[in-house]
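Only one structure is covered here, and it is reproduced in the block below.
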Amino acid sequence: MSKNILYFTRTMGMGGTENVVLQLCEIMKKNNNVVVCSCGGINVEKLNNMGIKHYTIPDIEKKDPITIILTLRMILKVIREEKIDIVHTHHRMAAFYTRLLGKKRNIRYINTCHNTFDNKKMLTKFSYKRIELIACGEMVKKTW
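Per the numbering used here, residue 873 is the first one in the sequence shown, and the count goes up by one each step.
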């Protein structure tokens, strides 16, 4: 059964996380409707070439209240318009935003943990609560 999947990450620039998102999009688009939300970057062109819709949002590293509210509204709009079934985050702040959204309808929330963090443990634990986690490596798995 085809699903509507939102990949939510900080950026689509050059990096390992971005490459994982690109690979997942390439694989999952065959049987699903796939969209991506990020603040943009060089790999948005690759998404366009794959026929993947990209929604540009503010940089989720910015933690001021106005940016948080604006970004939450934008993400909710994408979820509604695209009738999203699965939100798969690839950044701890993306997971934070999905936590703020709460459990909406029958949406499945997944986060891929790409790294370990010694700072901001309270924020990260809050973000990862009530979300399915995928760890990229044993050290990451042991941390969360």
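Heads up, the beta-carbon is just placed ideally off N, CA and C, and yes, glycines get one too.
- Contact between the region 936 to 947 and the region 911 to 919 is absent, with fewer than three C-beta pairs closer than 8 Å.
- When Cβ pairs closer than 8 Å are counted between the two stretches, the region 965 to 984 is seen to touch the region 920 to 937, the count reaching three or more.
- Annotation: E898 to T943 spans about 26 Å, alpha carbon to alpha carbon.
- Look at the region 904 to 966 and you find these whole runs of alpha helix (DSSP H), each 4 residues long or longer: 916 to 922 and 937 to 953.
- Between N904 and I877, the C-beta gap is smaller than 7 Å, which places the two residues in contact.
- V950 sits away from K925, with the two beta carbons spaced by 7 Å or more.
- Around the beta-carbon of N978, fewer than 16 other beta-carbon atoms lie within 10 Å, marking it exposed.
- In this structure M884 is buried. Its beta-carbon is surrounded by 16 or more other beta-carbon atoms within 10 angstroms.
- In this model, E890 and K918 are separated by some 11 Å (Cα to Cα).
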